[in-house]
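*Asks:*
2 protein chains.
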Amino acid sequence: MVEREEEQPAFEIAVVVPKRSNVKEEDESSECVEVLVHDFQNVGLLVERVLGVADQFIKENKGKSAVILKHDGKELRWEVGERLLPKLESQGIVKQVFPLHDETKRKKLLHSWALNWQDFTNQPIDDIYLYFGTKIALYFAFLGMYTRWLLFPAAFGILLQIIDFGPFRLLVLPIFFICIILWAIMFSQFWKRKNSALLARWQITYPIGADAGYKLLGMEWGSLQSPIELIRKWGTDNTKEKEMFQRNEWFGRFMRFRNDALVILSIICLQLPFEVAYAHTYEIMESDLMKFGLTAIYLFAIQYVTQIGGKISVRLIKHENNENTEKRADSLVYKVFGLYFMQSYIGIFYHALLHRSFLTLRQVLIQRLLVSEVLENLLENSLPYLKYSYKKYRLRRKRKHEKGSSTGKIQFTSRVEKEYLKPSYSASIGDELEDGLFDDFLELALQFGLIMMFACAFPLTFAFAFLNNITEIRTDAVKLLTMFKRPVPRAAATIGAWLNIFQFLIVMSICTNCALLAWLYDREGKWKIEPGLAAILIMEHVLLLIKFGFSRFVPEEPAWVRANRVKNATQAHDMCSKQLLRTISGGERTFGEVKKFESQD
Amino acid sequence: MVEREEEQPAFEIAVVVPKRSNVKEEDESSECVEVLVHDFQNVGLLVERVLGVADQFIKENKGKSAVILKHDGKELRWEVGERLLPKLESQGIVKQVFPLHDETKRKKLLHSWALNWQDFTNQPIDDIYLYFGTKIALYFAFLGMYTRWLLFPAAFGILLQIIDFGPFRLLVLPIFFICIILWAIMFSQFWKRKNSALLARWQITYPIGADAGYKLLGMEWGSLQSPIELIRKWGTDNTKEKEMFQRNEWFGRFMRFRNDALVILSIICLQLPFEVAYAHTYEIMESDLMKFGLTAIYLFAIQYVTQIGGKISVRLIKHENNENTEKRADSLVYKVFGLYFMQSYIGIFYHALLHRSFLTLRQVLIQRLLVSEVLENLLENSLPYLKYSYKKYRLRRKRKHEKGSSTGKIQFTSRVEKEYLKPSYSASIGDELEDGLFDDFLELALQFGLIMMFACAFPLTFAFAFLNNITEIRTDAVKLLTMFKRPVPRAAATIGAWLNIFQFLIVMSICTNCALLAWLYDREGKWKIEPGLAAILIMEHVLLLIKFGFSRFVPEEPAWVRANRVKNATQAHDMCSKQLLRTISGGERTFGEVKKFESQD
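Chains B and U supply the protein sequences, listed in that same order. Numbering-wise, the first sequence is residues 1 to 601 according to full-length UniProt numbering. Numbering-wise, the second sequence is residues 1 to 601 according to full-length UniProt numbering.
1. Consult DSSP for Pro-227 (chain B) and reduce its assignment to one of helix, strand or coil.
2. Give the DSSP-derived three-state secondary structure of Phe-98 (chain B) in the structure shown.
3. Going by C-alpha to C-alpha distance, which of U:Glu-443, U:Ala-518, U:Met-255 sits closest to Arg-356 (chain U)?
4. Under 8 Å Cβ to Cβ from Tyr-345 (chain U), same chain only, skipping five residues before and after it: list those, please.
5. Can you pull the chain B neighbours of Ala-518 (chain U), defined as C-beta to C-beta under 7 Å?
6. Alpha carbon to alpha carbon, how far is Lys-422 (chain B) from Arg-397 (chain B)? Give it in angstroms, no decimals.
7. Pull out every residue of the stretch 545-561 of chain U whose Cβ sits closer than 9 Å to any Cβ of chain B, in chain order.
8. What does Ser-382 (chain B) pair with, by DSSP beta-bridge criteria?
9. Among all the DSSP beta bridges, which residues are the ones paired with Asp-435 (chain B)?
10. Taking all protein chains shown into account, do 16 or more other C-beta atoms lie within 10 angstroms of the C-beta of Gly-436 (chain U), making it buried, or fewer, making it exposed?
11. Measuring straight from C-alpha to C-alpha, what distance separates Asp-119 (chain U) and Leu-150 (chain U)?
12. Quick one: complete alpha helix (DSSP H) runs, 4+ long, within the stretch 122-147 of chain B?
13. Can you list, in chain order, the residues of its chain whose CB lies under 7 Å from that of Ile-501 (chain U), leaving out five sequence neighbours each side?
14. Here's the rule I'm using: 16 or more other beta-carbon atoms within 10 Å means buried, otherwise exposed. How should Lys-335 (chain U) be labelled?
15. Once DSSP output is grouped into helix, strand and coil, what is the label at Val-542 (chain B)?
16. Can you give me the C-alpha to C-alpha distance between Arg-399 (chain U) and Ile-495 (chain U), rounded to a whole angstrom?
17. Which residues does DSSP pair with Val-478 (chain B) in a beta bridge?
18. Take every Cβ of the stretch 538-546 of chain B, pair it with every Cβ of the stretch 505-517 of chain U, and state whether three or more of those distances are shorter than 8 Å.
19. Name, please, each residue of chain U whose Cβ falls closer than 9 Å to the Cβ of Pro-174 (chain B).
20. For Val-336 (chain U), does the three-state DSSP call read helix, strand or coil?
21. Starting from Val-507 (chain U), find everything on chain B with Cβ-Cβ shorter than 8 Å and list it in chain order.
22. Would Gln-271 (chain U) and Val-305 (chain U) qualify as a contact pair, given that the criterion is a beta-carbon distance under 8 Å?
23. Straight-line CA distance for Met-145 (chain U) to Gln-307 (chain U)?
24. Nearest by alpha-carbon distance to His-101 (chain U): which of U:Asp-330, U:Ser-414, U:Phe-438, U:Leu-173 is it?
25. Output, in chain order, the set of chain B residues within a Cβ distance shorter than 7 Å of Ile-510 (chain U).
26. Under 8 Å Cβ-Cβ, which residues of chain U neighbour Trp-527 (chain B)?
27. Whose C-beta lies closer than 7 Å to the C-beta of Lys-291 (chain U) among residues of the same chain, with five residues either side of it excluded?
28. Are three or more beta carbon pairs between the stretch 192-204 of chain B and the stretch 123-141 of chain B nearer than 8 Å?
29. Starting from residue 617 (chain U), trace the alpha helix (DSSP H) in both directions and tell me its first and last residue.
30. When you compare the stretch 544-564 of chain B with the stretch 175-195 of chain U, are there three or more beta-carbon pairs, one atom per stretch, that lie closer than 8 Å?
31. May I have the straight-line CA-CA distance separating Ile-536 (chain B) from Lys-194 (chain U), to the nearest angstrom?
32. Using a Cβ-Cβ distance under 8 Å, would Gln-123 (chain U) count as near chain B?
33. Are Asn-377 (chain B) and Val-478 (chain B) close, meaning C-beta to C-beta below 8 Å?
34. Quick check on Asn-564 (chain B) - is its C-beta less than 8 Å from some C-beta in chain U?
35. Taking C-beta to C-beta, are Leu-339 (chain B) and Gly-309 (chain B) nearer than 8 Å?
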């Protein structure tokens, strides 16, 4: 639950409870909705009750005694210390708790952000952070920076398209390739810097690498105990705990490795043939009508394939014991991205690598980019609206059916009920772990892969991507501000798995562009690589990939060390309190003396 | 200064002052050595004065008033608050301050560690840590783990040498190569884990990557102030400071980049031709005598080259504004390693790449390994002893000269004077930034490069390296315990630049071994690579190197964010104290209420 105090009385959270069917006025005080409302008021929250068409809404911006609560005749026992809201939610009495839009802020953001086409990539990022929380703000900051950075390759790509370099034509493309790769490398690193700068600005402490401040603090507290004692102590009581942690850690890693291997294998064995078969049949078909029909069947099929893949991934992840939900979400992102990666690029690879037809490749690239630009942006914004309208329509019909056709058209007057009917900002695959940002980031990553991996084949793609992202910022903003329920703010310090995916795509693009260049220079197919040399080159690339990817599988810090450190940080905190108390009770003694006193006993 | 309290009265630090020439008894109380001794006694340190042959020694385990101190007739003013020891050192009155060996512990370590040949790689690492401090303990932990891990490739290499695989001979080598690379990748990652485990054991807090404990702490303190206020505040007063930090950071980075470029360029332009010339002349010379002469001249020349290179590097580093001395030392290590890398491997590369003679390559490899094994270990241990003996001899002669030849042989009876005469554990290049560990790590890194980069040419090298390291542990231990003054313990959380160098060597070895394998399979030179393809491959490798090396040049966290965080950590600490004081003065108020109170004003 998010409780933020602001100046104007804007309602922040809605609690949805069903309308009572049998209203008995005699026992109002123990009726659980009443108790809840009373409790909210007790902690100083403004509460407004709105009776909606179908449900009752309690808007709000917790007592001590075991109480028997009543709801619609049923009785339930509210234990001491139990939190009421989760209890009522689990009992189905509270239907939903969701954050409410703040109309004034929403309108201000709509004006300064979503409908502001003047500053191309500048966004009121602090306001977005304050309204939507870190995770969404980081997404938009990333999107903004990515789009701004895209200007350079877009301009370079347009130049390459316009100017005829004549004899230098074959020299310009490698230069473009090198520039693009350097651009991408710098972008990913500078995003990390921007990310940490944003966190510093928002006062979210998240140490990266060596940390002088924390070290200082830790050293100071560490020095209170003599190291000899500590090492002796360590040997006896912590061995068991350490072993437990290690077993747990390695079992978790094994499970994750097994799952990843499963996903990769099934992608290669099941998805790859399917995609190649589609690309091949599309290529050999002659009639356009049949091509259209095939594509329709294919699009229908992959919808199911990704859904099934997503569900399998979610199920697999539940068996992994990832440290926290963030790691869990990352694990899911990697798996599902593997699926989408295959689906999006294998067809293009097919054209690029097997047919060596640059013309078809360019056509496919334009096709894909236009599809993603027009179709996806349209879908993104119309689908939630259609869902919302359908929900409204169904509710109206239900009401009409109940009340008879006497009242005519039913109006949804209360803003809170309208918001309740809006769909929530959730991911297309399993909304338990990820919110709607998953789809938005996926779109970005797939676009980045598309423009980077085939940069040499069609330098103009960057310009398309730039235009696409300029509109993407606006459509995503409109979507969040008007189409969906206000999303629950999620804490996140980085964009997580997505940055790693971007970096993986950079490495991939170095390799694919080199292959493209080789094919471009060798149009006649004169260059020959001995199978032995090819095998060695493949081995080298795989080993390099393992070298740079291994650290992702085995973290630098064992689980028990991490657990120990968290414990120590808490202890240090406690010790700070204890020491201060002693200092005060001791009157004249200084802080340094207390320290000495501590180390002696 | 290191002050550790232990149970037995072992003297920990020696302060060397010259013997007074004219002893005036009248003004004993303001004579500065007396003042120093008195001061040491005042803080509860045990002080023992030993009059040596040439100097006076004060053994020991700080007043407030501006005093005029006298020494040998000269007067100097001791200001209030000024620390006496550094002052006297700068005035040349205190000749040297150095930590003393603790005889009982030293003997125990000598027995359980240096002369203990039974447990091959197990070392009493906690005792080493307690005696020598983190940095040296980490070196030995690394050396031990590296040697232990070497067992696997050593055994594999011996197997390859013994068993004749017949027709599978050409299949076994790539498998060996893959195993070795995987082994090295795992070793470098598991060392990081071991390192953090050791730090946890020694209670040295040093967060790596995401840090739950600190985050928790930081978040808690961060939430005390409303984020809106903070963002507003940020905009006004911190912009200037931020700009200053950024300018400073980028200027420093530019200087470092310039210096690195200078070093790399001079290595390529000056050292490379020199080394290649030597390798080539050695190859074409026929008489063995001339070869011997050439090698002697070469060895004499490179001694100077590395010394000059080291001095230039040290001077260059002084113009870089690295954040701390650790970063500074790392910067030096990279530069000097570049020099040694060229010097050690270019000759081998010459044999491997240009001559394609595997036989010569193997001979060179054995030669190098034996030289490093026998010669370096011998030199390492005899050189300090020779230095020590020469110092003793010179001092004796000087005394004799002064006193006349009447007293006969002068005995150095006091242990402290003997230790004073021992050389200090310092690096062969510039002892300002690094201690003797530089040379030891350099030896290890060069060995690692040698065995890894040419693994496919001669799998047996791993066995040589294993044997070498088994003795290396002992000789290094003996050297530290008996040959040198006890080194000043240095704080270090990791092995720093050396791990990066090891990782760089792994990447290099992937590429060189692939080249070796290609040449091995293509003995007739049938495989041809078109120059275009070769150019593309080189471009690809350079880009991959940039991709994975760029993050070393531009850190993930801007300097101003880091500075800000350190400031915040200190503030949080202060706030903790302030809040507790309020809690206590407020009497009945709980901690949570105080928090609320804070956020309102």
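All residues carry an ideal CB built from backbone N, CA and C; glycine is no exception.
*Replies:* The answer reads as follows:
1. Translated into positions along the first sequence, residue 227 (chain B) becomes position 227. Confidence at Pro-227 (chain B) is low in this model, with a pLDDT of 47, below 50, so the placement of that residue is unreliable and no value is reported for it.
2. Position 98 of the first sequence, counted from the start, is the residue given in the question as residue 98 (chain B). Residue state, collapsed to three classes: strand.
3. Residue numbering aside, residue 356 (chain U) sits at position 356 when the second sequence is read from its first letter. Minimum Cα distance to Arg-356 (chain U) is reached at U:Ala-518.
4. Along the second sequence, one-based indexing puts residue 345 (chain U) at 345. Within the same chain, Tyr-345 (chain U) has close Cβ partners Gly-449, Leu-450, Met-453.
5. Walking along the second sequence from the start, residue 518 (chain U) turns up at place 518. Here the neighbours are Leu-533, Ile-536.
6. As a working mapping, residue 397 (chain B) is identified with position 397 in the first sequence. As a working mapping, residue 422 (chain B) is identified with position 422 in the first sequence. In a straight line, the C-alpha of Arg-397 (chain B) is about 17 Å away from that of Lys-422 (chain B).
7. Ile-546, Lys-547, Phe-548, Phe-550, Ser-551, Phe-553, Val-554, Pro-555, Glu-556, Glu-557, Pro-558, Trp-560, Val-561
8. For the purposes of this step, residue 382 (chain B) is identified with residue 382 of the first sequence, where counting begins at 1. Its beta-bridge partners do not exist; DSSP assigns none.
9. For the purposes of this step, residue 435 (chain B) is taken as the residue at position 435 of the first sequence. According to DSSP, Asp-435 (chain B) bridges with B:Ser-426.
10. Position 436 of the second sequence, counted from the start, is the residue given in the question as residue 436 (chain U). The residue in question, Gly-436 (chain U), is buried, as its Cβ has 16 or more Cβ neighbours within 10 Å.
11. Indexing the second sequence from 1 puts residue 119 (chain U) at position 119. Indexing the second sequence from 1 puts residue 150 (chain U) at position 150. Whole-angstrom Cα-Cα distance: 15 Å.
12. 125-132
13. Against the second sequence, residue 501 (chain U) aligns to sequence position 501. Phe-337, Ala-445.
14. Start at 1 with the first residue of the second sequence, and residue 335 (chain U) comes out as number 335. With 16 or more Cβ atoms within 10 Å of its Cβ, Lys-335 (chain U) is classed as buried.
15. In the first sequence, counting from the first residue as 1, residue 542 (chain B) sits at position 542. Val-542 (chain B) falls in the helix class under three-state DSSP.
16. By 1-based counting over the second sequence, the position of residue 399 (chain U) is 399. By 1-based counting over the second sequence, the position of residue 495 (chain U) is 495. Straight-line Cα distance between these residues: approximately 44 Å.
17. Numbered from its first residue, the first sequence carries residue 478 (chain B) at position 478. The partner list for Val-478 (chain B) (beta bridge, DSSP) is empty, contrary to what the question assumes.
18. yes
19. As a working mapping, residue 174 (chain B) is identified with position 174 in the first sequence. By Cβ distance, chain U contributes Ala-535, Ile-536, Met-539.
20. Translated into the one-based positions of the second sequence, residue 336 (chain U) becomes position 336. The answer is helix: DSSP assigns Val-336 (chain U) an H, G or I state.
21. Within the second sequence, residue 507 (chain U) is the residue found at index 507, counting from 1. Those are Leu-544, Lys-547, listed as they occur along chain B.
22. As a position in the second sequence, residue 271 (chain U) is number 271, starting the count at 1. As a position in the second sequence, residue 305 (chain U) is number 305, starting the count at 1. Yes, the pair counts as a contact, with Cβ atoms nearer than the cut-off.
23. Translated into the one-based positions of the second sequence, residue 145 (chain U) becomes position 145. Translated into the one-based positions of the second sequence, residue 307 (chain U) becomes position 307. Cα to Cα, Met-145 (chain U) sits roughly 31 Å from Gln-307 (chain U).
24. Within the second sequence, residue 101 (chain U) is the residue found at index 101, counting from 1. Selected option, being the one with the closest Cα: U:Ser-414.
25. By 1-based counting over the second sequence, the position of residue 510 (chain U) is 510. Ordered by position in chain B, the residues that pass the 7 Å Cβ test against Ile-510 (chain U) are Glu-540, Leu-543, Leu-544, Lys-547.
26. Here residue 527 (chain B) corresponds to residue number 527 of the first sequence, with the count starting at 1. Simply Glu-530, Gly-532, Leu-533.
27. Within the second sequence, residue 291 (chain U) is the residue found at index 291, counting from 1. For Lys-291 (chain U), where only same-chain residues beyond five positions count, the Cβ hits under 7 Å are Tyr-282, Met-285.
28. yes
29. No statement about residue 617 (chain U) is possible, as the shown extent of chain U runs from 1 to 601 and does not include it.
30. yes
31. Against the first sequence, residue 536 (chain B) aligns to sequence position 536. Against the second sequence, residue 194 (chain U) aligns to sequence position 194. Straight-line Cα distance between these residues: approximately 33 Å.
32. Taking the first residue of the second sequence as position 1, residue 123 (chain U) is located at position 123. No, because no Cβ of chain B sits closer than 8 Å to the Cβ of Gln-123 (chain U).
33. On the first sequence, residue 377 (chain B) is found 377 positions in, with the first residue counted as 1. On the first sequence, residue 478 (chain B) is found 478 positions in, with the first residue counted as 1. Result no, Cβ atoms of Asn-377 (chain B) and Val-478 (chain B) do not sit closer than 8 Å.
34. One-based indexing of the first sequence puts residue 564 (chain B) at position 564. Closer than 8 Å to some Cβ of chain U, the Cβ of Asn-564 (chain B) qualifies, so yes.
35. Here residue 339 (chain B) refers to the residue found at position 339 when the first sequence is read from its first residue. Here residue 309 (chain B) refers to the residue found at position 309 when the first sequence is read from its first residue. Yes, Cβ-Cβ distance for Leu-339 (chain B) and Gly-309 (chain B) is below 8 Å.
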